């Protein structure tokens, strides 16, 4: 049965909600709303780049303040930040507070952690996620007074795994659709523009002085290129991919 | 090639069982350090019963590459016997339509992460396909938290049954860590998710997914 606290139920309900979502916007909003309940305001979720991969292509979510990101990057803190360097020796989740307590930190390392306070984060978690192929990803929420009790940490670990995969999947799906997208011909674009304002194939045929069957063929070709089974979804895809505008 | 065997077929297919028990000993006792019963270099436990169903991935030379065991939770349940605290949803650990998946391993090809996706998923996909034919509702499992993200990656529909809890002395203890219980719904979507992950299904532009004919041998009579 559910334990006396609400952490288990919250995490399992969150997973169920997340599994219903597909767009990046919906997923990131759902993840941040859940993290806020635990007292986290910011999240960085990324994978460690493989050789030849760019770090920016492995970033799945980052809503730390832009001026903080700029300073962090300018100072090249990533090489000295103890929250990051701890990854070399620790593959279990840990908090910034755990590092202060368990590891003798240099002044410079303490300064890096302390600086984050100015941008609204006193403590945070580093949750490592190993993928099936052996590469590592990190899910790092942070905030002013986050809940870091043992049960909250257990819940966060589950939330982190599902959130990371959902965000990554949404990013990769969008990228794949953009790469695989075969552009429409000028005629297909013209016809989809008429479809978008609700014209039937027969009406479009009359407007363009071509046979209805020809219009139908063009619409079918456009649907195939846009990976759509229905006309309405083809229109949505055509707008999203910038083929037509309304 | 996927080979499916029942516990009752141990004598008929001694070679496969021998390979599997020896590899289980290597993987779970020697490599992972789990405190399991061991007999002459074989790992065999109380859930290797007649009702158990084994899914083996073997090469054309009959060399075992991966294996998983499925048992009816009604009679054999690791979750019910040892990890009932992992279920926080109130779902009963034993259910006639829920089978339990244990002793899953595959032998990865070094430095070939992408190719290993097929090796990882073939026996699991065969297990879910078998579950569909046998009208199971769910397959449940207990895994170490380090391995759990891999299962969520393969099957986004993975349902956690509770939060992770320490086992075997927790982190730092040899053979210890945190573990979690989860279920996979036995549905076409889950089977397809495994096929797609393992690249068993190939998508042709503009067409529906085409399932590559599995090269399998059904040994259940």
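Protein chains in written order, with our numbering: chain A, 2 to 247; chain B, 172 to 392.
Idealized CB from N, CA, C, for every residue including glycine.
The structure presented is a predicted model; accordingly, all values stated were derived computationally and were not measured.
Start and end residues, beta strand (DSSP E) containing residue 365/B | Per DSSP, residue 365/B belongs to no beta strand (DSSP E); it is in the alpha helix (DSSP H), 359-368.
Three-state secondary structure assigned by DSSP to residue 31/A = helix
So, is residue 154/A buried or exposed, given that buried needs 16 or more other C-beta atoms within 10 angstroms?
-> Residue 154/A should be labelled buried.
Name, going along the chain, the residues of the stretch 286-298 of chain B whose beta-carbon falls closer than 8 Å to a beta-carbon of chain A.
-> 287, 288 and 291
Alpha-carbon to alpha-carbon, residue 197/A and residue 233/A = The alpha-carbon atoms of residue 233/A and residue 197/A are separated by roughly 8 Å.
Neighbour-count burial assignment, residue 175/A, 16 or more Cβ in a 10 Å radius = exposed
Report yes or no: do the stretch 23-31 of chain A and the stretch 159-177 of chain A share at least 3 C-beta pairs separated by less than 8 Å?
-> Short answer: they touch.
Check residue 185/A in the structure and name its three-state DSSP category.
-> Residue state for residue 185/A is assigned as coil, using DSSP reduced to three classes.
Give a yes or no on whether the minimum CB-CB distance between residue 131/A and chain B is below 7 Å.
-> Chain B, which has a Cβ nearer than 7 Å to the Cβ of residue 131/A, makes this yes.
Check residue 89/A in the structure and name its three-state DSSP category.
-> helix
Where DSSP assigns a beta bridge to residue 311/B, which residues make up the other side?
-> Partner(s): 271/B and 354/B.
Would you mind stating whether residue 41/A and residue 139/A have Cβ atoms separated by less than 7 Å?
-> Annotated as distal: residue 41/A and residue 139/A, with beta-carbon spacing of 7 Å or more.
Could you pull out every residue in the same chain whose Cβ sits closer than 7 Å to the Cβ of residue 163/A, ignoring the five residues on either side in sequence?
-> 16 and 19
Nonlocal neighbours in the same chain, by C-beta distance under 6 Å from residue 193/A, ignoring five residues either side = 223, 239 and 245
In this structure, does DSSP put residue 371/B in helix, strand or coil?
-> Because residue 371/B carries a pLDDT of 44, less than 50, the predicted location of this residue cannot be relied on, and no value is offered for it.
Neighbour flag for residue 53/A against chain B, beta carbons, 7 Å = By this cut-off, residue 53/A is not an interface position.
In the stretch 203-226 of chain B, which residues sit with their C-beta less than 9 Å from some C-beta in chain A, listed in chain order?
-> Within the stretch 203-226 of chain B, no residue qualifies.
Coil, strand or helix - residue 236/B by DSSP = Strand, per DSSP.
7 Å Cβ cutoff, residue 13/A in contact with chain B = yes
Could you tell me the distance, in whole angstroms, from the CA atom of residue 310/B to the CA atom of residue 91/A?
-> 32 Å
Count the C-beta pairs between the stretch 172-191 of chain B and the stretch 319-334 of chain B that are closer than 8 Å, then say yes if the count reaches three, no if not.
-> no
Is residue 369/B near residue 288/B, with beta carbons less than 7 Å apart?
-> yes
Indicate whether at least one CB of chain B lies closer than 7 Å to the CB of residue 159/A.
-> yes
Segment contact, 8 Å Cβ cut-off, at least three pairs: the stretch 324-335 of chain B with the stretch 344-360 of chain B = yes
Look at the Cβ atom of residue 266/B, then the Cβ atom of residue 243/B, and state whether they are nearer than 7 Å.
-> No, Cβ-Cβ distance for residue 266/B and residue 243/B is not below 7 Å.
Taking residue 133/A as the reference, which of 292/B, 307/B, 298/B and 207/B has the closest Cα?
-> 292/B
Report the option in 10/A, 95/A and 58/A whose CA atom is closest to the CA atom of residue 83/A.
-> If we check each option's Cα against that of residue 83/A, 95/A comes out closest.
The beta strand (DSSP E) spanning residue 321/B covers which residue range?
-> Not the beta strand (DSSP E): residue 321/B falls in the alpha helix (DSSP H), residues 319-325.
Which residues share a DSSP beta bridge with residue 213/B?
-> 210/B
Leaving out the 5 sequence neighbours to the left and right, which residues in its chain are closer than 6 Å to residue 184/A when beta-carbon positions are compared?
-> none
Just by C-beta distance, which residues in the stretch 203-223 of chain A are closer than 8 Å to chain B?
-> none
Consider the Cβ of residue 192/A: report whether some Cβ of chain B lies at a distance smaller than 7 Å.
-> Closer than 7 Å: no.
Is it true that the stretch 247-262 of chain B meets the stretch 186-196 of chain B, where meeting means three or more beta-carbon pairs spaced less than 8 Å apart?
-> Contact check between the stretch 247-262 of chain B and the stretch 186-196 of chain B: fewer than three CB pairs, one atom from each, fall below 8 Å, which does not count as touching.
Using 7 Å as the limit for Cβ to Cβ distance, is residue 9/A near chain B?
-> yes
Express the C-alpha separation of residue 190/A and residue 295/B in angstroms, rounding to a whole number.
-> Here the alpha carbon of residue 295/B sits roughly 44 Å from the alpha carbon of residue 190/A.
How about residue 166/A: is its C-beta nearer than 7 Å to some C-beta of chain B?
-> yes
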